[in-house]
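Heads up, the thing below is written out as structure tokens.
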Amino acid sequence: MSSYDPDRDGPYGDWLKAKGVRQMNRTHATQDQVTEGRTENGGRYKAVRDQLGHVVTQRTEPDGRERQDVTINLGGPGGDH
């Protein structure tokens, strides 16, 4: 890969685009999205979704057991849900 030269290559973003580098779509949200509630069987849950679409769900079963599930977004920026 040749090195970038602004006189020869023009704007850096255009040079990257010509190399096939994609820009990630960004959201304006600066904080994780948090959802809390109760499960069907009466336990509590808290789901945190970050800007890349990864979701960490923490839940407490009615008997007091704690669980944690992680859903990793492999579909691209921001997730598909």
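41 is the number that the numbering used here gives to position 54 of the sequence shown; each next residue is one higher, with no gaps. We put the CB at the ideal spot given by N, CA and C, even for glycine.
Should R76 go down as buried or exposed, given a rule of 16 or more other Cβ atoms within 10 Å for buried? For the chain, the structure presents residues -12 to 68; residue 76 sits outside this window and is missing.
Comparing alpha-carbon positions, which option in P49, V42, E48 lies nearest G60? A small fix is needed here, since residue 60 is Asn in this sequence, not Gly. Of the listed residues, the one whose Cα sits closest to N60 is V42.
Does the separation of the CB atoms of D19 and R(-5) fall below 9 Å? Contact flag unset, no.
Between which residues of its own chain and W2 is the CB-CB distance below 8 Å, once the five residues before and five after are set aside? For W2, where only same-chain residues beyond five positions count, the Cβ hits under 8 Å are Y(-9), D(-4).
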